[in-house]
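Visitor:
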Amino acid sequence: MLPPLLMLATCTGLPTFLMSEDEEVAGGALLFGAGVLSILWAIWLLGVPLLGLLMLGTRGRKLVIEQPRPQPPS
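Printed below as a string of structure tokens:
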């Protein structure tokens with residue numbers, strides 16, 4: 025859910041630069057937006073299967089941390 029929200033946040037800030045009269049500013053904003061979206065999609069698409077494999081690999085295992093027994097009052 026996070027990458028789509030980050031994509032929306034990125035896209036809301038870009039229109040002022042994309043509509044700039046300076047062609048270099050508009051081109052830079054376009055390249056920045058495309059780069060950010062591609063990185064977010066790559067993280068999303070590679071991270072979901074990795075988390076699924078980790079979940080399947082650790083299914084049914086419980087982490088039990090032994091706590092020291094309290095000393096009886098003297």
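Using our numbering, read the sequence shown as starting at 25 and increasing by one per residue. Glycine included, each C-beta is placed from N, C-alpha and C at the ideal position.
Pick helix, strand or coil for phenylalanine 89, following the three-state DSSP scheme.
Guide: First, the amino acid is wrong: residue 89 is isoleucine here, not phenylalanine. Of the three classes helix, strand and coil, the one that applies to isoleucine 89 here is coil, per DSSP.
Visitor: To the nearest angstrom, how far is it from the Cα of proline 73 to the Cα of proline 94?
Guide: For proline 73 and proline 94, the distance between alpha carbons rounds to 43 Å.
Visitor: Which of the three DSSP states is assigned to threonine 40 in this structure?
Guide: Reduced to three states, the DSSP call for threonine 40 is helix.
Visitor: Go ahead and pull the three-state DSSP assignment for proline 97.
Guide: DSSP places proline 97 in coil when its eight states are reduced to three.
Visitor: Looking only at its own chain, which residues have a Cβ that is under 7 Å from the Cβ of glycine 76, when we skip the five neighbours before and after it?
Guide: Closer than 7 Å at the Cβ level, and outside the excluded window around glycine 76, lies no residue.
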